[in-house]
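Protein chains in written order, with my numbering: chain A, 1 to 218; chain B, 1001 to 1152.
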């Protein structure tokens, strides 16, 4: 069906490709509609330029401090309520940075993290023997995760299921947090807090894969 | 996140405060995240709602001019005057229309995602964007910022 001037608004409102194609056809012979379409495109083309970026060296450390303070005040009682109680504040910031602003934000601020120096100077350090035990626990987690990942692989490849897509997204975030934590641990493998965080994230990844497998069976 | 907060609120200080507040809300409200939407959509929803709260609390500051120290997204340099005009016109849009325009046209969310963030249907998201662009076109046209199209 041939479009008319009166179809223009509906086509633009719905964004339906068929209607738009039809109105474009009409616009070849109609200067008024052609002008509207051209304006519409120019606005869309210029819009991504409104995206801003600027350096906020104090923002992410500030957020981490606020989250850590919140986590510490409720430590042992109701820390990080609900679903993410397994995840310490610093790791949550890592996840959010990855999820929203991109990994570069975390990397840009990691070197200025006031909490990192706090952990390194104020928190008790692990003994050599304790480090070996933690290493062994991490290896056990990794072996289990590797096995589960192999089993979950085909299921995770299913892009048609929103639930699986969300599982995949969560696993990606956990992997990003693991990378960041391991990078911090490389600088001080005796840091109790970081090692506990990493074990917690490994544990959550293991549980997530197990839940995914259950989901696949049901 | 900072970019959308800045475009919604109009000044850096409020934008950064809103991002921080949104993070704390996400942390406190983590138990409510059930995977019904993607994690990033859920976080953006909290951010946009936080910005609305900021707008309600400080309408005057939203009218303050944007500082010029930001790096804009790459590209569109040839359309720079139009971009500046759009930036100014966007700030005069009604908040939900503004958010719709920013999410879809600036941040690149689909209407389904923008709808989830704004807690409206996909159809309503399309309608909000349509109204936003219609207003923008009118405003830019009145100011002579949209060049006439050559007649064929």
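In this text, a Cβ means the ideal position worked out from N, Cα and C, and glycines have one as well.
Since this is a predicted model, take the numbers as computed values, not measurements.
Between which two residues does the alpha helix (DSSP H) carrying residue i extend?
i	result
residue 1050(B)	1039 to 1057
residue 1141(B)	1122 to 1142
residue 14(A)	8 to 14
residue 40(A)	31 to 46
residue 1025(B)	1012 to 1028
residue 1090(B)	1080 to 1090
residue 21(A)	17 to 27
residue 1115(B)	1111 to 1118
residue 1098(B)	1095 to 1101
So which residues of chain A does residue i contact, with C-beta pairs closer than 9 Å?
i	result
residue 1130(B)	9, 12, 13, 14, 15
residue 1049(B)	What residue 1049(B) touches in chain A: nothing, since even the nearest Cβ is about 15 Å away.
residue 1024(B)	63, 66, 67, 70
residue 1006(B)	52, 54
With 8 Å as the threshold, decide whether the Cβ of residue i is near any Cβ in chain B.
i	result
residue 23(A)	no
residue 215(A)	no
residue 173(A)	yes
residue 169(A)	yes
residue 67(A)	yes
residue 205(A)	no
residue 144(A)	no
residue 75(A)	Because residue 75(A) sits at a pLDDT of 49, beneath the cut-off of 50, its placement in the model cannot be relied upon, and the following sentence gives the value as read from the coordinates. So no, residue 75(A) is outside the interface.
residue 248(A)	What is shown of chain A runs 1 to 218, which leaves residue 248(A) out entirely.
residue 199(A)	no
Hey, is residue i's beta-carbon within less than 8 Å of any beta-carbon in chain A?
i	result
residue 1054(B)	no
residue 1013(B)	no
residue 987(B)	Past the boundaries of the shown model lies residue 987(B); chain B is included only from 1001 to 1152, so the question cannot be answered.
residue 1093(B)	no
residue 1112(B)	no
residue 1064(B)	Any answer about residue 1064(B) is weak, because its pLDDT of 48 lies below 50 and its placement is not dependable; what the coordinates show is given next. Judged by the 8 Å Cβ criterion, residue 1064(B) is not in contact with chain A.
residue 1016(B)	yes
residue 1120(B)	no
residue 1009(B)	no
residue 1116(B)	no
residue 1097(B)	no
residue 1146(B)	yes
Could you tell me which chain A residues have their CB closer than 7 Å to the CB of residue i, listed as they occur along the chain?
i	result
residue 1133(B)	40, 43
residue 1083(B)	46, 49, 50
residue 1086(B)	43, 46, 47, 50
Helix, strand or coil: how does DSSP classify residue i here?
i	result
residue 1145(B)	coil
residue 56(A)	coil
residue 1007(B)	helix
residue 1001(B)	coil
residue 210(A)	helix
residue 1077(B)	Model confidence at residue 1077(B) stands at a pLDDT of 49, short of 50, so the residue's coordinates are unreliable; what they give is reported in the following sentence. Helix, per DSSP.
Output, in chain order, the set of chain B residues within a Cβ distance shorter than 7 Å of residue i.
i	result
residue 181(A)	The contacting residues do not exist; residue 181(A) stays about 18 Å from chain B at best.
residue 56(A)	1002, 1016
Name the chain B residues whose beta carbon is nearer than 9 Å to that of residue i?
i	result
residue 161(A)	Here the premise fails: no neighbours, minimum Cβ distance about 12 Å.
residue 6(A)	Ordered by position in chain B, no residue passes the 9 Å Cβ test against residue 6(A), which lies about 16 Å from the chain.
Mind listing the chain A neighbours of residue i? Cutoff is C-beta to C-beta under 8 Å, in chain order.
i	result
residue 1019(B)	59, 63
residue 1153(B)	Only positions 1001 to 1152 of chain B appear in this structure, which leaves residue 1153(B) out of reach.
residue 1038(B)	165, 166, 169
residue 1136(B)	43
Quick one: does the C-beta of residue i sit closer than 7 Å to a heavy atom of the ligand GDP?
i	result
residue 164(A)	Looking at this structure, you won't find the ligand GDP or any other ligand, since it has none at all.
Report the neighbours of residue i on chain B: residues whose CB is nearer than 8 Å to its CB, in chain order.
i	result
residue 176(A)	The premise fails here: residue 176(A) is roughly 12 Å from chain B at the closest Cβ pair, so nothing lies under 8 Å.
- Start-end ranges of the alpha helix (DSSP H) lying completely within the stretch 120 to 188 of chain A, minimum 4 residues: Whole alpha helix (DSSP H) segments, 4+ residues: 128 to 156, 162 to 187.
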